[in-house]
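Colleague:
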Amino acid sequence: WGEGAAKVSGQAMAETLRVKHVTCFGCPIRCGKDMKVLAGPYQDTVAHGPEYETVAGFGALCLNDDPNYIVAAHDLCNRLGMDVISTASAVAFAMELYEHGLLKGVDTGGLDLNWGNGEAILGLIKQIARKDKLGAYLAEGVKRAACHFAPLAQEFVVESKGLEFPFHDPRAFTSMAIVYATGNRGACHLEGLTYFNENLSFPATLIGLSGEYDPHSSEGKPLLAKTMQDYLIIFNALGLCKFLIRGHVTPQEIAVWVSKVTGWEIDDQELLNTGERLFNLKRSINVKLGISRKDDTLPPRLLVHDRLEGAAAGSLPHLGKMLSEYYSLRGWTVEGIPRPQTLQRLKLGWIN
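This is the structure in structure tokens:
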């Protein structure tokens, strides 16, 4: 899909859409964009510009190479209060069902769900928002939606703990297999962002780990995933933007910020210990609700079927081995349950 990717690249969007830099409140970085569609049926649409996940989801995942439809889909999701990752995944899931004959025109409310059909993408987003026709199933997420179709539909489901996958392939960045599988909210890239370590956008040395990581190897990835999870959960607690790590913001620096703002004397190790405590607190709540090793997994499409081309061709994450090592580092049982001594060490003994 190289030609399609070129049509929806950042450079292509800069050349075909009007772009203005914008910022979140109080932030000097201004990494956001506002865009205006200059041609086509959605001409003059002004919307907050799509970020990577939207372009990958409503672009590559749906084989849609028209940036105007990507911007329109992004704007529609924003106005309807819908997550672009889960929505794009649901649309692509429906398109794959359609391709394999598991959906007929009557099921789609007349939508032609062939790959790349921008109008159908927008129409299906509206159906999902209204829980209308096919959208009534997709609104429940792809895991539940698949139960309404032929058994073959299960092969096309890409989720973990019921949450659809972001667009950072764990076959290309094997550390993300652990992040997705063990994420407390399911397949969420923001729980770890370890692909930043693997592509050196945020070198692991900045969080106290040594050496570079081969993106296609499973070696060393459990410790990397654990450390980044413990670090990034602190950003949630403090209300910080995780893209700060692209500027190489370290635990030491955040510890200084917290100390100056609160008057507490805290260092980087205490900060990471707090992150570990938060992560285990969430895990313990999930355990009480029935989560265990059986749920810390990825769909077969990402564990069994390797990529056929590109830099990651032939690469697959060795999840079982990585998971056992990860549990040991976490102080959990082989079933992924935090051990009593681990909870006591983290002052979480009361949770039992």
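Numbering (this note's numbering), first residue to last: 14 to 365. Even glycine gets a Cβ: it sits at the ideal position worked out from N, Cα and C.
#1: Are the C-beta atoms of G196 and some chain D residue less than 7 Å apart?
#2: Answer yes or no: do F292 and I246 have a C-beta to C-beta separation smaller than 7 Å?
#3: Measure the beta-carbon distance from T310 to A194 and round it to whole angstroms, keeping in mind my assumption that it falls under 8 Å.
#4: Considering only residues of the same chain and omitting the five flanking positions on each side of G94, which have a CB-CB separation below 6 Å?
#5: I believe R343 touches K239 by the beta-carbon criterion, under 8 Å. Please report the beta-carbon distance rounded to the nearest angstrom.
#6: Going by Cα to Cα distance, which pick from E153, N299, P54 is closest to A103?
#7: Report the residue from F256, I258, A250, G260 whose alpha carbon sits nearest the alpha carbon of V271.
#8: Only counting the same chain, and skipping five residues up and downstream in sequence, which positions put a Cβ closer than 7 Å to that of V68?
#9: Buried or exposed for N212, going by 16 or more other Cβ atoms inside 10 Å?
#10: Closer than 7 Å by C-beta to L361: which residues in its own chain qualify, once you throw out the five before and the five after it? Chain order, please.
#11: Assuming H87 and P63 are in contact, meaning their beta carbons sit under 8 Å apart, how far apart are those beta carbons, in whole angstroms?
#12: Output the residue ranges of the beta strand (DSSP E) runs that lie fully inside the stretch 18-53 and measure 3 residues or longer, sorted by chain position.
#13: Using a Cβ-Cβ cutoff of less than 7 Å, which residues in the same chain neighbour E66 once the five nearest sequence positions on both sides are dropped?
#14: On the three-state DSSP scale, how would you describe S102?
#15: Grouping DSSP H, G and I as helix and E and B as strand, with all else coil, what is P183?
#16: Just to check my reading of the structure: H1 and K49 have Cβ atoms closer than 8 Å, yes? What is that Cβ distance to the nearest angstrom?
#17: By DSSP, does A69 sit in helix, in strand, or in coil?
#18: Answer yes if the stretch 166-176 comes into contact with the stretch 301-315, meaning at least three C-beta pairs across the two stretches below 8 Å, and no otherwise.
#19: Can you give me the C-alpha to C-alpha distance between L222 and L356, rounded to a whole angstrom?
#20: Please classify C75 as buried or exposed, where buried requires at least 16 neighbouring CB atoms within 10 angstroms.
#21: Return the CA-CA distance between K1 and Y150, expressed in angstroms with no decimal places.
#22: Just checking my contact of Q242 with V192 at CB under 8 Å: how many whole Å lie between their CB atoms?
#23: On a CA-only basis, which of P353, E16, A133, P330 is nearest E232? Give me that one, please.
#24: What three-state label does DSSP hand V300 in the structure shown?
#25: Alpha carbon to alpha carbon, what distance is there between G23 and G260?
#26: For E348, which residues of its own chain have a beta-carbon under 7 Å away from its beta-carbon, when the five flanking residues on both sides are left out?
#27: If you reduce the DSSP assignment to three classes, tell me which class L124 lands in.
#28: What's the call for I42, buried or exposed, on a 16-neighbour Cβ count within 10 Å?
#29: Compute the distance between the beta-carbons of N77 and G131, then report whether it is under 7 Å.
#30: Three-state secondary structure (DSSP) at S173?
#31: Buried or exposed for S341, please, with buried defined as at least 16 other CB atoms from any protein chain shown within 10 angstroms of its CB.
#32: Quick one: residues in its chain with C-beta nearer than 6 Å to the C-beta of L186, no 5 flanking neighbours on either side, listed in chain order?
#33: Could you have a look at A326 and say whether DSSP puts it in helix, strand or coil?
#34: Taking the CB atoms as reference points, tell me whether A166 and L115 lie closer together than 7 Å.
#35: Tell me whether A60 sits in a helix, a strand or coil according to DSSP, three-state version.
#36: Using the Cβ count rule (16 or more neighbours within 10 Å means buried), how would you classify S214?
Modeller: Quick answer:
#1: In the structure shown, chain D does not exist; there is a single protein chain.
#2: Yes, they are a contact pair.
#3: Contact between T310 and A194 holds, since their C-beta atoms are separated by about 6 Å, short of 8 Å.
#4: Excluding positions up to five away in sequence, the list is empty.
#5: About 6 Å; that satisfies the 8 Å criterion.
#6: Minimum Cα distance to A103 is reached at E153.
#7: Ranking the options by Cα distance to V271, first place goes to A250.
#8: Answer for V68: V21, I83, listed in chain order.
#9: Answer is exposed; the Cβ neighbour count stays below 16.
#10: Beyond the five residues adjoining it in sequence on each side, L361 comes within less than 7 Å, by CB distance, of R290, N293, L294, S297 in the same chain, given in chain order.
#11: 4 Å between Cβ atoms; contact.
#12: Those beta strand (DSSP E) runs which fall completely within the stretch 18-53 and span 3+ residues are 30-35, 45-50.
#13: Only V97, I98, P179, F180 meet the Cβ criterion.
#14: Looking at S102 - three-state DSSP - the assignment turns out to be helix.
#15: Correct three-state label for P183: coil.
#16: Residue 1 is absent from the structure shown; the chain starts at 14 and stops at 365.
#17: DSSP places A69 in helix when its eight states are reduced to three.
#18: The stretch 301-315 vs the stretch 166-176: in contact.
#19: Cα-Cα distance, rounded: 24 Å.
#20: C75 is buried by the Cβ-count criterion.
#21: There is no way to answer for residue 1, as the model of the chain reaches only from 14 to 365.
#22: In this structure Q242 is in contact with V192, their Cβ atoms being roughly 7 Å apart against a cut-off of 8 Å.
#23: Looking at P353, E16, A133, P330, the one whose alpha-carbon comes closest to that of E232 is P330.
#24: In this structure, V300 counts as helix in the three-state DSSP scheme.
#25: Whole-angstrom Cα-Cα distance: 20 Å.
#26: These residues qualify, in order along the chain: S305, R306.
#27: Coil, per DSSP.
#28: So I42 ends up on the exposed side.
#29: For N77 and G131, yes; Cβs fall inside 7 Å.
#30: If DSSP states are grouped into helix, strand and coil, S173 belongs with the strands.
#31: By the neighbour-count rule (16 or more Cβ atoms within 10 Å), S341 is not buried but exposed.
#32: For the record, residue 186 in the displayed sequence is Phe; it is not Leu. If we look at F186 and ignore the five residues flanking it on each side, its Cβ neighbours are Y208, E211, P228.
#33: Assignment of A326 by DSSP, reduced to helix, strand and coil, places it in the coil class.
#34: Taking 7 Å as the cut-off, the beta carbon of A166 is found closer than this to the beta carbon of L115.
#35: In the three-state reduction of the DSSP assignment, A60 falls in the strand class, which pools E and B.
#36: Answer is exposed; the Cβ neighbour count stays below 16.
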